[in-house]
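J.: Numbering (the UniProt record's numbering), first residue to last: 1 to 249.
Dumping the structure here so I can ask a few things about it.
In structure tokens, the structure reads:
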């Protein structure tokens with residue numbers, strides 16, 4: 001069982017994860033007026049017309065509730081045998097969430113008033129090619145995927161989280177597939193592949209679900225920018241070949 005001092009180390013991870021996912025899911029600008037919006041595409045158009053409104057609003061509240069539940073459990077029930085605890089995955093996914101949020105914040109800064117959750121062409125639109133946009137064409141989606149996968153894994157998909165250990169909603173048989181718990185010999189860095197197997201499986205699943213929505217948006221954005229800026233966009237695309245991961249995609 002972890003020492004209470006080690007357990008308290010999870011509080012800054014909770015704070016960082018909650019801050020990160022809230023920043024990533026908060027638009028820096030109000031929605032564009034209808035006459036500036038571009039038609040939604042792909043899965044978003046058919047099944048998720050509220051993707052840029054309800055999903056961020058409900059998502060942020062959900063992560064806040066989960067973080068508060070876990071913080072209260074850590075602070076108030078220190079001697080509980082089912083208390084939350086730290087695992088390598090909770091550390092990794094917390095840092096993923098914060099890193100994704102910082103990427104998003106950099107995109108907010110460089111695009112300024114041009115950044116909206118709804119695809120739109122603004123009257124003063126310009127092609128931004130500096131900062132993270134000098135590395136990949138859609139860096140904000142890199143931040144969104146990192147923050148989204150990180151926060152979901154941290155709060156819902158890792159041993160030691162309040163949802164996994166204290167909510168009563170996860171069967172013991174399922175918990176064991178996500179790694180050892182306090183009922184086994186606890187160390188902060190255990191020699192168990194189950195932590196990382198579940199991380200890669202669930203993380204890949206969440207990431208693929210995000211890409212199903214985001215890839216059509218990236219394609220649409222490229223089409224919008226090409227139509228709006230023509231040769232300037234073509235020159236930028238020749239310099240910045242990759243959409244989200246240099247050398248891969």
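Each residue gets a CB set at the ideal place from its N, CA and C atoms; glycine is no exception.
Since we're looking at a predicted model, the values are computed, not measured.
Straight-line CA distance for residue 97 to residue 16?
T.: Roughly 8 Å between the two C-alpha positions.
J.: So, with DSSP's three-state summary, where would you put residue 37?
T.: strand
J.: Measuring CA to CA, which of 115, 247, 179, 129 is closest to residue 52?
T.: Comparing alpha carbon positions, the residue from 115, 247, 179, 129 closest to residue 52 is 115.
J.: Apart from the five residues just before and just after residue 241, which ones in its own chain have a Cβ nearer than 8 Å to its Cβ?
T.: No residues qualify anywhere along the chain.
J.: Look at the alpha carbon of residue 11 and the alpha carbon of residue 151, and state the distance between them as a whole number of angstroms.
T.: 14 Å
J.: So residue 88 and residue 165 are supposed to be a Cβ contact under 8 Å. How far apart are they, rounded?
T.: Their Cβ separation, rounded to whole angstroms, is 16 Å, which puts residue 88 and residue 165 out of contact at 8 Å.
J.: Among the residues of its own chain, which have a CB less than 6 Å from the CB of residue 245, if the five just before and after it don't count?
T.: none
J.: With the cut-off set at 8 Å, would you say residue 63 and residue 155 are in Cβ contact?
T.: Using a Cβ distance threshold of 8 Å, residue 63 and residue 155 count as a contacting pair.
J.: Check for me: the alpha helix (DSSP H) holding residue 22 runs from which residue to which?
T.: 10-24
J.: Nearest by alpha-carbon distance to residue 122: which of 219, 35, 223, 212 is it?
T.: With distances taken between Cα atoms, residue 122 lies closest to 35.
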